[in-house]
Structures are given as C-alpha cells and as structure tokens.
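Participant: In our numbering, the protein residues as written are 59 to 175.
Don't be surprised by glycine CBs; every beta carbon is placed ideally from N, CA and C.
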C-alpha cells in the first residue's frame, strides 16, 4: 500500500542525488565551549561547504560560547565574521571558517576564545 508507494518514490530520488556530484560529507556537531564530538553527514546544495562557527553571546556579567560544525553555503562562508550589538550591554559575535575537506583542521579564530571555557 502506502509504504510501497513511498519506497518507489524514494529510490529514484536517492539515485538522482547520489550521482549529482554536488554532495559532500561534512562533520556535524553543536556544543557549548570550543569542541564537539562530530559525525560525518552528507550535505546537499546549496549548503555544499564544510565549516565551523564559533559563537560568543554576552550580557555582562554572563557570557557563553558555542561551537557549530555544519554544512554551509558559500555565501555564508564569505561572511567570515560578524559582530552584533544587541543592546543593554549585550552582544553576539561569531567567526566562520569553511573549507573543502570533511574535517576543517587547524582552525584559527583571532580574537576569539582567548581563555578556555
């Protein structure tokens, strides 16, 4: 019945995307701090670059940092950094590093996370 119809639709779609050449494996994880345990997942266009975002959110005296490894679009990767003043002594800043490999090693984020979390 219905399950069989879904399977028949899914198989041609899988075939189409598996040979499109636009897919990439990237590390995916999200965590507080500077590190996270990642797993490789397939990305699809337009999110076709692997990347890492380090994010810091602060409202004095509280501050926290997070890391996000994910698939990103090249337009987001070109941003490289953002600093947003939220108001009331609060801000958010982020640094984005993208690469063509599954594992973006040797990341350098100048001015971010000078001290360990």
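So what does residue 142 bridge to, in DSSP terms?
Facilitator: 150
Participant: Among the candidates 145, 141, 147, 146, whose CA atom is the shortest distance from the CA of residue 154?
Facilitator: 141
Participant: Going by CA-CA distance only, name the one from 147, 89, 84 that's closest to residue 102.
Facilitator: 84
Participant: Under DSSP, the beta strand (DSSP E) around residue 116 begins and ends at which residues?
Facilitator: 107-117
Participant: Excluding the five sequence neighbours on either side, which residues of its own chain have a C-beta within less than 7 Å of the C-beta of residue 94, listed in chain order?
Facilitator: 87, 88, 125, 127
Participant: Using a Cβ-based criterion (distance less than 7 Å to any ligand heavy atom), does residue 84 qualify as near the ligand ADP?
Facilitator: This structure lacks the ligand ADP; in fact it carries no ligand of any kind.
Participant: For residue 109 and residue 130, which I take to be in contact (beta-carbon distance under 8 Å), what is that distance rounded to the nearest angstrom?
Facilitator: 4 Å
Participant: Of all the options 157, 92, 96, 90, which has the alpha carbon lying nearest to the alpha carbon of residue 138?
Facilitator: Taking residue 138 as reference, the option from 157, 92, 96, 90 with the minimal CA-CA separation is 157.
Participant: Starting from residue 102, follow its DSSP beta bridges and name the residues at the other end.
Facilitator: Answer is none; residue 102 lacks a bridge partner.
Participant: As a quick exercise: from 92, 91, 111, 82, pick the residue whose alpha carbon is nearest that of residue 100.
Facilitator: 82
Participant: Check the DSSP bridge columns for residue 127 and list the partner residues they point to.
Facilitator: 87, 110
Participant: Considering residue 132, what are the terminal residues of the alpha helix (DSSP H) in which it resides?
Facilitator: 132-137
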